[in-house]
Amino acid sequence: MLHFTASLPFDRRLALCDIRGSIAHVEMLASRAIISAEEAELIIGGLEEIREEVENDRFPYDLDFEDIHMNIEKRLTEKIGPPGGKLHAARSRNDQVALDTHLYMKEEIKLIDHFLKQLQETILDLADRFVDVLIPGYTHLQRAQPVMLSHHLLTYFWMLKRDRERLAGALERSDLMPLGAGALAGTSFDIDRDQVAGKLGFSRLYENSIDAVSDRDYIIEFLSVSAVLMMHLSRLCEELIMWSSAEFGFIELDDAYTTGSSMMPQKKNPDLAELVRGKTGRVYGSLFSMLTVMKGLPLAYNKDMQEDKEGLFDTVDTLKGLLPLLSEMLETMSIDRPRLKEAIDDDYLCATDLADYLVRQGASFRDAHHAIGKFIAFCRREGIRLRELDAEKRRQFHPALAGEISALLDPVKVVEVRRSRGGTAPSAVKKQLQIARNLISEQEK
Ligand code: ARG
């Protein structure tokens, strides 16, 4: 029974948060004369010794005590005797575990946000570095229109910006102090919850003791932010995987982030990118797991809620593990310029501009679309590029096509004219890049 119900194997990682929370609690108990100053000093001394044991991997974890909270209390009593038992006055493990998880969540969210900012900066650097490179832009994974590689990459900057905004929301909802809720109803001791909150750096308190011990929204919110983030990273990695295939050949990933095959000597597998894509599954899994755990629970605490931890910890580890690597992999990737030039040389990508040209010559867009469609179908059958068909033959599709159209078939020019705000012209992309850089530097102030 103990083996099955214990959370010690995984909630050990809350040990330092637990000690911080207990010290704040004890100081408050003493300041309210619920325990004496001498007792508080003794308890805090003991907790500090325990902190050292935890930090130096010397803490004697004991599975006979089911979780980290009981382990620490038992260890405290071993160290200082009966006064150790006074630590838990006016507190329950229900509000204690909630406090620990809030403290943990706040720390980890800040760290993850830091990694996300780094990834954004990496993307900005790449956008700078590749500012003269064009790639085919795709819809339906069919070549659509040429775009700047920087423009394409910056898309991920904006996704991450939204992820970070959502993460800030999750941080705000983690920044609520639950201690003082007791098991569920509060306590008859004259405690000072504001003091505890102030000491631990919380901005606000839970105003309802039942809510304080029943709430796992902040965890679900973090998991849901993480799920959206992973979806974004997975899309990025999917593109890197495709782009590094022989079929695309647009980029090459540095050897440090790929592996060889045990059988096929020619292979260079994008393992890191694949694993980021793959690990998206476990993050989604943790989100669904917690949504499901919570959906039928009556108020207030139920043991089911202990299931909040493994998925949360796993998600934190997954993000902290992959984010720095992803930045490094992007920083070190190289592009195959000749190959990209070849891809961009496909002048069918300029079809929209040809149609727009006919519209400017007075055609309706529908007629123009039809005429260019036939022009392209013809060239496709002949196996030639649009620019290879001479003016007289072009006339059959639309009289205006007999004029000089070579500028319209030049991808560089086609990109240059897309100067609308947020468009792919170099001038617009440079503006976009500046806006993005300003956003990051404002955060540094
Ligand atoms: N290990 C428990 C958890 O993680 C701590 C709270 C237990 N409270 C209780 N009344 N059994 O949720």
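Its first residue numbered 8, the sequence shown is counted upward by one per residue in our numbering.
We treat Cβ as the ideally placed atom computed from N, Cα and C, and that holds for glycine.
- Contact holds between the stretch 60 to 72 and the stretch 10 to 20, because three or more Cβ pairs, one in each stretch, are under 8 Å apart.
- With three or more CB-CB distances shorter than 8 Å, the stretch 91 to 101 counts as touching the stretch 32 to 39.
- Arg-27 is positioned such that its CB atom lies closer than 8 Å to that of Leu-110.
- Straight-line spacing of the CA atoms in Asn-101 and Ala-190 works out to 5 Å.
- Residue side-chain check: Val-422 keeps its Cβ at 7 Å or more from all non-hydrogen atoms of the ligand ARG.
- In the three-state DSSP reduction, Gln-368 falls in the coil class, being neither helix nor strand.
- Runs of the alpha helix (DSSP H) lying entirely within the stretch 275 to 342 and spanning at least 4 residues, in chain order: 278 to 302, 315 to 339.
- Just so you know, the alpha carbons of Glu-349 and Asp-278 end up roughly 27 Å apart.
- The C-alpha of Asp-170 is placed about 7 Å away from the C-alpha of Val-235.
- If you draw a straight line from the Cα of Arg-425 to the Cα of Leu-156, it comes to about 14 Å.
- By the Cβ test, the stretch 49 to 60 is in contact with the stretch 71 to 91, since at least three Cβ pairs between them sit closer than 8 Å.
- Apart from the 5 residues on each side of it in sequence, His-121 has no Cβ closer than 7 Å to any other Cβ in its chain.
- If you look at Tyr-145, you'll find it isn't in any alpha helix (DSSP H); it sits in the beta strand (DSSP E) that goes 141 to 146.
- Rounded to the nearest whole angstrom, the C-alpha separation of Ser-434 and Leu-161 is 14 Å.
- Using a Cβ-Cβ distance cut-off of 8 Å, the stretch 312 to 320 and the stretch 359 to 372 are not in contact, since fewer than three pairs of beta carbons, one from each stretch, lie closer than that value.
- Here the alpha carbon of Asp-64 sits roughly 10 Å from the alpha carbon of Ile-57.
- Non-local beta-carbon contacts of Ile-75 in its own chain, meaning distances under 7 Å to residues more than five positions away in sequence, involve Leu-15, Asp-18, Arg-19, Leu-21, Ala-22, Asp-25 in chain order.
- Looking from the CA of Arg-428, the closest CA among Pro-418, Leu-440, Ile-379, Met-238 belongs to Leu-440.
- Burial state of Asn-78 is buried, judged by a 10 Å Cβ sphere holding 16 or more other Cβ atoms.
- Short note on Asp-132: C-beta not closer than 7 Å to any heavy atom of the ligand ARG.
- Straight through space, the alpha carbons of Lys-81 and Phe-209 are spaced by roughly 28 Å.
- Between Phe-229 and Asp-343, the C-beta spacing is not below 8 Å.
- In this structure, Ile-351 lies near Pro-418, with their beta-carbon atoms less than 8 Å apart.
- DSSP places Ala-190 in the coil class of the three-state scheme, outside both helix and strand.
- Thr-265 carries a coil assignment under DSSP once its states are collapsed to helix, strand and coil.
- By the C-beta density criterion, Ile-391 is exposed, having fewer than 16 other C-beta atoms within 10 angstroms.
- Ile-119 is a Cβ neighbour of Leu-326, given a cutoff of 8 Å.
- For Arg-428, there is no enclosing beta strand (DSSP E), as DSSP marks it with neither H nor E.
- Approximately 6 Å separates the beta-carbon atoms of Leu-131 and Ala-443; this is inside 8 Å, confirming the contact.
- With fewer than 16 other CB atoms across the displayed protein chains lying within 10 angstroms of its CB, Thr-12 is exposed.
- Only buried fits His-158, as 16 or more other CB atoms lie within 10 angstroms of its CB.
- When C-alpha distances from Ile-412 are compared across Ala-398, Gln-403, Phe-404, the shortest belongs to Ala-398.
- Annotated three-state conformation of Pro-153 is strand, per DSSP.
- Contact annotation: the stretch 329 to 340 touches the stretch 250 to 265, with at least three C-beta pairs closer than 8 Å.
- Judged by DSSP in its simplified three-state form, Leu-415 adopts helix.
- If the five residues before and after Phe-382 are omitted, its C-beta is found closer than 8 Å to the C-beta atoms of Leu-361, Leu-393, Leu-396, Arg-401, Phe-404, His-405, Leu-408, all from its own chain and listed in chain order.
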